[in-house]
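K.L.:
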Amino acid sequence: MADKKIRILIAKPGLDGHDRGAKVIARTLRDAGYEVIYTGLRQSPEQIVAAAISEDVDAIGISVLSGAHGYLFPRIIELLKEQNATDILLFGGGIIPDDDIPALKEAGVAEIFTPGAPLADITNFLSSRYAS
Amino acid sequence: MSNKQKWIETTLAKALERGKERKEFKSTSGFPLDRLATPEDVRGDYESTLGYPGQYPFTRGVQPTMYRGRLWTMRQYAGFATAEESNQRYKYLLSQGQTGLSIAFDLPTQIGYDSDDPVATGEIGRVGVAIDSMKDMEILFDGIPMDKVSTSMTINAPAVVLLAFYIAAAEKQGVSPDKLNGTTQNDILKEYAARGTYIFPPAPSMRLVTNLFGYCSVNTPKWNTISISGYHMREAGCTAAQEIAFTLADGIAYVEAALSAGMDVDAFAGRLAFFFASHNNLLEEVAKFRAARRLWAKIMKERFHAKNERSMMLRFHTQTAGCTLTAQQPDNNIVRVAVQSLAAVMGGTQSLHTNSKDEALALPTEESVRIALRTQQIIGYESGVADSIDPLAGSYYVESLTDTLQAKAEEYIARIDDLGGATKAVETGFIQREITESAYEYQKTVETKEQIVVGQNEFIVEKVPVGKLLKIDPATAEYQIKKLTDVRRNRNQELVQEKLAALRAAAETDANLMPYILDCARLYATEGEICNELRAVFGEYRATEVL
Amino acid sequence: MPHKEQPDFQDLLARGQEGDRRAIGRMISRVEASGVADHVMMQQLWAHIGRARVVGITGPPGAGKSTMTDRMVKYWRKKDYRVGVIAVDPSSPFTGGAILGDRVRMNDLALDTGVYIRSMSTRGQLGGLSLACSGAVSVLDACGYDPILIETVGVGQSEVAVMNVADLVLVVSVPGLGDDIQAIKAGILEIGDVFAVNKADLPGADRTARELHIMLSMNPELSADLPPILMLSAEQNKGVEELCESVEERFSLMQNSQELIMRRNRRLEKELMAYIQNRLYKQVLSPALANDSFESNVEAFRTNKRNPYTWAENILKQIQIEGSTP
Numbered sequence: 092m093a094d095k096k097i098r099i100l101i102a103k104p105g106l107d108g109h110d111r112g113a114k115v116i117a118r119t120l121r122d123a124g125y126e127v128i129y130t131g132l133r134q135s136p137e138q139i140v141a142a143a144i145s146e147d148v149d150a151i152g153i154s155v156l157s158g159a160h161g162y163l164f165p166r167i168i169e170l171l172k173e174q175n176a177t178d179i180l181l182f183g184g185g186i187i188p189d190d191d192i193p194a195l196k197e198a199g200v201a202e203i204f205t206p207g208a209p210l211a212d213i214t215n216f217l218s219s220r221y222a223s
Numbered sequence: 049m050s051n052k053q054k055w056i057e058t059t060l061a062k063a064l065e066r067g068k069e070r071k072e073f074k075s076t077s078g079f080p081l082d083r084l085a086t087p088e089d090v091r092g093d094y095e096s097t098l099g100y101p102g103q104y105p106f107t108r109g110v111q112p113t114m115y116r117g118r119l120w121t122m123r124q125y126a127g128f129a130t131a132e133e134s135n136q137r138y139k140y141l142l143s144q145g146q147t148g149l150s151i152a153f154d155l156p157t158q159i160g161y162d163s164d165d166p167v168a169t170g171e172i173g174r175v176g177v178a179i180d181s182m183k184d185m186e187i188l189f190d191g192i193p194m195d196k197v198s199t200s201m202t203i204n205a206p207a208v209v210l211l212a213f214y215i216a217a218a219e220k221q222g223v224s225p226d227k228l229n230g231t232t233q234n235d236i237l238k239e240y241a242a243r244g245t246y247i248f249p250p251a252p253s254m255r256l257v258t259n260l261f262g263y264c265s266v267n268t269p270k271w272n273t274i275s276i277s278g279y280h281m282r283e284a285g286c287t288a289a290q291e292i293a294f295t296l297a298d299g300i301a302y303v304e305a306a307l308s309a310g311m312d313v314d315a316f317a318g319r320l321a322f323f324f325a326s327h328n329n330l331l332e333e334v335a336k337f338r339a340a341r342r343l344w345a346k347i348m349k350e351r352f353h354a355k356n357e358r359s360m361m362l363r364f365h366t367q368t369a370g371c372t373l374t375a376q377q378p379d380n381n382i383v384r385v386a387v388q389s390l391a392a393v394m395g396g397t398q399s400l401h402t403n404s405k406d407e408a409l410a411l412p413t414e415e416s417v418r419i420a421l422r423t424q425q426i427i428g429y430e431s432g433v434a435d436s437i438d439p440l441a442g443s444y445y446v447e448s449l450t451d452t453l454q455a456k457a458e459e460y461i462a463r464i465d466d467l468g469g470a471t472k473a474v475e476t477g478f479i480q481r482e483i484t485e486s487a488y489e490y491q492k493t494v495e496t497k498e499q500i501v502v503g504q505n506e507f508i509v510e511k512v513p514v515g516k517l518l519k520i521d522p523a524t525a526e527y528q529i530k531k532l533t534d535v536r537r538n539r540n541q542e543l544v545q546e547k548l549a550a551l552r553a554a555a556e557t558d559a560n561l562m563p564y565i566l567d568c569a570r571l572y573a574t575e576g577e578i579c580n581e582l583r584a585v586f587g588e589y590r591a592t593e594v595l
Numbered sequence: 031m032p033h034k035e036q037p038d039f040q041d042l043l044a045r046g047q048e049g050d051r052r053a054i055g056r057m058i059s060r061v062e063a064s065g066v067a068d069h070v071m072m073q074q075l076w077a078h079i080g081r082a083r084v085v086g087i088t089g090p091p092g093a094g095k096s097t098m099t100d101r102m103v104k105y106w107r108k109k110d111y112r113v114g115v116i117a118v119d120p121s122s123p124f125t126g127g128a129i130l131g132d133r134v135r136m137n138d139l140a141l142d143t144g145v146y147i148r149s150m151s152t153r154g155q156l157g158g159l160s161l162a163c164s165g166a167v168s169v170l171d172a173c174g175y176d177p178i179l180i181e182t183v184g185v186g187q188s189e190v191a192v193m194n195v196a197d198l199v200l201v202v203s204v205p206g207l208g209d210d211i212q213a214i215k216a217g218i219l220e221i222g223d224v225f226a227v228n229k230a231d232l233p234g235a236d237r238t239a240r241e242l243h244i245m246l247s248m249n250p251e252l253s254a255d256l257p258p259i260l261m262l263s264a265e266q267n268k269g270v271e272e273l274c275e276s277v278e279e280r281f282s283l284m285q286n287s288q289e290l291i292m293r294r295n296r297r298l299e300k301e302l303m304a305y306i307q308n309r310l311y312k313q314v315l316s317p318a319l320a321n322d323s324f325e326s327n328v329e330a331f332r333t334n335k336r337n338p339y340t341w342a343e344n345i346l347k348q349i350q351i352e353g354s355t356p
């Protein structure tokens, strides 16, 4: 019967409506055999974390192009901590200057993919974490 | 047998025996590209398919003199942080020879939230300037004569509100509405399809669009009421052919909405403007602009029976394609932008924004914006491509591409017609699905290097630290919220409430809401307050997510 | 792989019953991973289940099922019920991957602690849906959710499978799906207890309802007791109340007529049979097949070197089922 599938929540937090990246990632992960829970646009960090917990996902991937990454990523980490759910990985991408990445990783973000990152980088990152 | 066929079977066949071609050549729209276009690939008679600039079907351009009269408007999209800081940037751009302004608003402004709304957290002044009330608009145009400058505003769902702030701020400068010159993007359909800054469901949104048409046709005759935009759908991943089709299908929907609101086609159609992207594939892009122009003229004439030639003219703004910029080796982007600008100019654009090299990394710095503007100036003043009208016309290749793109676009429009028009096609997710599909297909070609992206998947160098990036001061939000609080404190509260209530009551009827919104704006009602009255009556849109 | 604590099921159940959504999430994942709630889990759940009303919602793609589910949840939330939702989407038969997007239409329920929403994929296997899904239903039932709504897209096998999990099936249609009612397959008409015509503000809605009525009337088994057909527009929140009331009414009728008990018994039997078959396959048949698999014999069958039925009998012999035709 079925094995444990890796479940990943893909969301667009904040008000930014540019979802091309999020959708391409969702499809890429689907085609790589993951179960992707897609929650779409304008999700608050609270909604994202609540969904991640109900869905019992292994990881959350978010895409931020609006420059609000400095708020959104740490806020999600903070909420995961409050829920005692730090085993859920947070990764993300978008227009995020290199200079900002160390602080995000410091806050607990597992990985940041910047524009032009090959899709394979993302699937490799996940498969290295979830190799069976 | 034609001479071309003979050539294929003799000279070419021999060459191909000796060595294959590098790859299979396809347009970015997916159709195969002929290796050699010849006169036999160009069908149609010159007079009816190409004709003359300023005359139907406008294939060769909308003005009789094109850039010999005046170069295109060089209009850099800009805006960040507060009205105070953006005002400084605008003055700088004008001093550098820019000829029009283009306002970028932050996301809370674009979605109808005040800066102190909890959902605005982290977003204030990020992707554009924060405008909460007419007060911010006054500051934004401080020292800029509003009767002299032409202003384009990238604002959609709350376009009526921001235009009201603009008109009210102009009144304070002593400028009457009829003197105002510019454009409101006001294109809600592509927000549902690609860009995401919607507020209300389609029906009331379309009402607001046509309310703006109605108000402007009487009060601001020089204002472009809408900029029907393919740009964002292209950025979201659609092809050139889809860009033409989806944009013109949206245009058809707006014309139909205005007609069913009782307007005469020639009363508003001349104020419709368009907005396209320009990509790296130079000749396909030139053909795209020409095909779009010819197809829109045909639609306005044959489908809507417009009488005035102005109603048939597709006048458009172009922005170079943000999605083609690479974060790797960002200086290469200067070259991409130059190629894309050439396409826009040789395609006959009316105005142009050139992206800055660092926009895949952050908002552009002053220096990179200057290079972008200089690129336009070099093309305009040094390259010579603006000296003769529609200079690529008659190229067998460009003409055959123009024909093919028009035909592909017409096929799509027919499918959208079958679905019940663009509004329905968006509600059911057809357009979103097509865009997502194209985006994913494209990404796979980049992944396999079938599509080379220089500096990104080939010709890679070790990462070098990039130079200075623009940072938004974290104190921006605090400052903006304080200003908003002051505005609320210093206005006539009772009168504001009265006018907001009047707006809500009017929203329940079929009235044109623009005068009611203007009343609120003049009293410093905030954008969030105005939009909340409308939310209470119209409800909020929930996306059709298509994957 | 990041370490996940593995608290025992009893512990999770206790936490879940106190409304801990993380614990509920974990329990459902375990059920999903094994494809069925195994006997250890089921023995613990059994004492707590049977209270929830389980409503299956099915219909063609584009019928607005998720929006309808969202509105129905809100109706029951107003009445202070704790509502569970299981949204099932198909997975790719090739990669096993899936994009589960039904939550998008229920996003504003995410912060309501009285609602639990779970997306599930069919995981590409026949019957897999009903086993894992009924396990998830049991978890939610045991944790006090009532009603539980299961949303499935009405293509392929899943609309019939929903009948194996739900007490009552709500079939959704919309006007303008090509040949209208033809879009609803015959099979689906027979399993519907309540019918809804969504997007009733669109032209053609009346016709869709009329055609539904005619189709249902032609079924001799139903002639005495035609299922209700309701018109609504979930998007505009019109007619949702009537629909939910009709569902509730249907439940009381089923309760009074013992129909509910009969259905649940039938379902339990099916479920247990499936469970037994599943275990038999896994623990008895699979090892036998591993030694002498079908694939390894294909060539021999084709070239007549071995008789396939002899092979089959051999397998049966190995698992000690001998003799001729049963």
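Chains as they are written, first to last, in the working numbering: chain A, 92 to 223; chain B, 49 to 595; chain C, 31 to 356. Don't be surprised by glycine CBs; every beta carbon is placed ideally from N, CA and C. The model shown is predicted, which means the values in this text are computed figures rather than measured ones.
Under 7 Å Cβ to Cβ from G108/A, same chain only, skipping five residues before and after it: list those, please.
P.N.:
L132
K.L.:
Between the C-alpha atoms of R537/B and D223/C, what's the straight-line distance to the nearest angstrom?
P.N.:
59 Å
K.L.:
If distances are taken between C-alpha atoms only, which option among K336/B, S198/B, I483/B, K349/B comes closest to D451/B?
P.N.:
K336/B
K.L.:
Return the CA-CA distance between V433/B and P439/B, expressed in angstroms with no decimal places.
P.N.:
7 Å
K.L.:
Against chain A, does A6/B count as a neighbour if the rule is that its beta carbon must be under 9 Å from one of theirs?
P.N.:
With chain B running from 49 to 595 in the structure shown, residue 6/B is simply not present.
K.L.:
Of the residues E251/C, D231/C, T340/C, A330/C, which one's Cα is nearest the Cα of F220/C?
P.N.:
In the sequence as displayed, the identity of residue 220/C is Glu instead of Phe. Closest option to E220/C, Cα to Cα, is E251/C.
K.L.:
For a contact defined as C-beta to C-beta under 9 Å, what are the partners of I129/C on chain B?
P.N.:
L595
K.L.:
For chain B, find out if any of its Cβ atoms is closer than 9 Å to the Cβ of T177/A; answer yes or no.
P.N.:
Chain B, which has no Cβ nearer than 9 Å to the Cβ of T177/A, makes this no.
K.L.:
Give me the chain A residues within the contact set of L141/C, using Cβ-Cβ distance strictly less than 9 Å, ordered along the chain.
P.N.:
S135, E137, Q138, A141
K.L.:
Is the shortest distance between the beta-carbon of V167/B and the beta-carbons of chain A less than 9 Å?
P.N.:
At least one chain A Cβ lies under 9 Å of V167/B.
K.L.:
Using three-state DSSP, classify T238/C as helix, strand or coil.
P.N.:
helix
K.L.:
What does the alpha-carbon distance come out to for the pair M361/B and W344/B?
P.N.:
Cα to Cα, M361/B sits roughly 7 Å from W344/B.
K.L.:
Using a beta-carbon distance below 9 Å, is A63/C in contact with chain A?
P.N.:
yes
K.L.:
My output table needs one value for I203/B: the three-state DSSP class, helix, strand or coil.
P.N.:
I203/B falls in the coil class under three-state DSSP.
K.L.:
Short check: CB of G170/B to CB of R166/A, under 9 Å?
P.N.:
yes
K.L.:
By DSSP's criteria, F324/C is part of a beta bridge. Which residues make up the other side?
P.N.:
Paired residue(s): none; F324/C is not in a bridge.
K.L.:
Strictly below 8 Å CB to CB, what residues from chain C border G112/A?
P.N.:
Those within 8 Å of G112/A in chain C number zero; the least Cβ separation is about 15 Å.
K.L.:
Can you check the stretch 138 to 190 of chain A for any alpha helix (DSSP H) of at least 4 residues that lies completely inside it and give the ranges in chain order?
P.N.:
160 to 173
K.L.:
Considering just the uninterrupted stretch of the beta strand (DSSP E) at V385/B, what are its terminal residues?
P.N.:
Careful: V385/B lies outside any beta strand (DSSP E), inside the alpha helix (DSSP H) at 380 to 394.
K.L.:
Can you tell me where the alpha helix (DSSP H) holding A251/B begins and where it ends?
P.N.:
250 to 267
K.L.:
According to DSSP, L400/B sits in a beta bridge with which residue or residues?
P.N.:
M122/B, T366/B
K.L.:
Roughly how many whole angstroms lie between the Cα atoms of G576/B and M281/B?
P.N.:
27 Å
K.L.:
Could you compute how far the alpha carbon of R111/A sits from the alpha carbon of E283/B?
P.N.:
8 Å
K.L.:
Could you check whether G127/B and S134/B sit closer than 9 Å to each other, using their CB atoms as the reference points?
P.N.:
yes
K.L.:
Does DSSP put D119/C in a helix, a strand or coil?
P.N.:
strand
K.L.:
Can you name the residues of chain A whose CB is closer than 7 Å to the CB of Y146/C?
P.N.:
Within 7 Å of the CB of Y146/C, the CB atoms of chain A belong to S145, in sequence order along the chain.
K.L.:
Would a check of beta-carbon distances place T7/B closer than 9 Å to chain C?
P.N.:
It is not possible to answer for residue 7/B, since the shown part of chain B is limited to 49 through 595.
K.L.:
Taking the continuous alpha helix (DSSP H) assigned at V134/C, which residues delimit it?
P.N.:
For V134/C, there is no enclosing alpha helix (DSSP H), since its DSSP letter is neither H nor E.
K.L.:
I believe V134/C touches A242/B by the beta-carbon criterion, under 8 Å. Please report the beta-carbon distance rounded to the nearest angstrom.
P.N.:
Actually they are not in contact, since the Cβ atoms of V134/C and A242/B sit about 16 Å apart, beyond 8 Å.
K.L.:
Compute the Euclidean distance between the alpha carbons of Q367/B and Y115/B, then round it to the nearest angstrom.
P.N.:
18 Å
K.L.:
When you compare the CB of T245/B with every CB in chain A, is at least one pair closer than 9 Å?
P.N.:
Using beta-carbon distances, T245/B counts as an interface residue toward chain A, with a partner under 9 Å.
K.L.:
According to the neighbour-count rule (16 or more other Cβ atoms, all chains shown, within 10 Å of its Cβ), is Q541/B buried or exposed?
P.N.:
exposed
K.L.:
In chain C, what lies closer than 7 Å to I116/A by C-beta?
P.N.:
Result: empty, since nearest Cβ-Cβ is about 11 Å, beyond 7 Å.
K.L.:
Using alpha carbons as the reference points, say which of I116/A, H160/A, I179/A, A198/A lies closest to V140/A.
P.N.:
I179/A
K.L.:
Against chain D, does I180/C count as a neighbour if the rule is that its beta carbon must be under 9 Å from one of theirs?
P.N.:
The structure shown contains no chain D; its protein chains are A, B and C.
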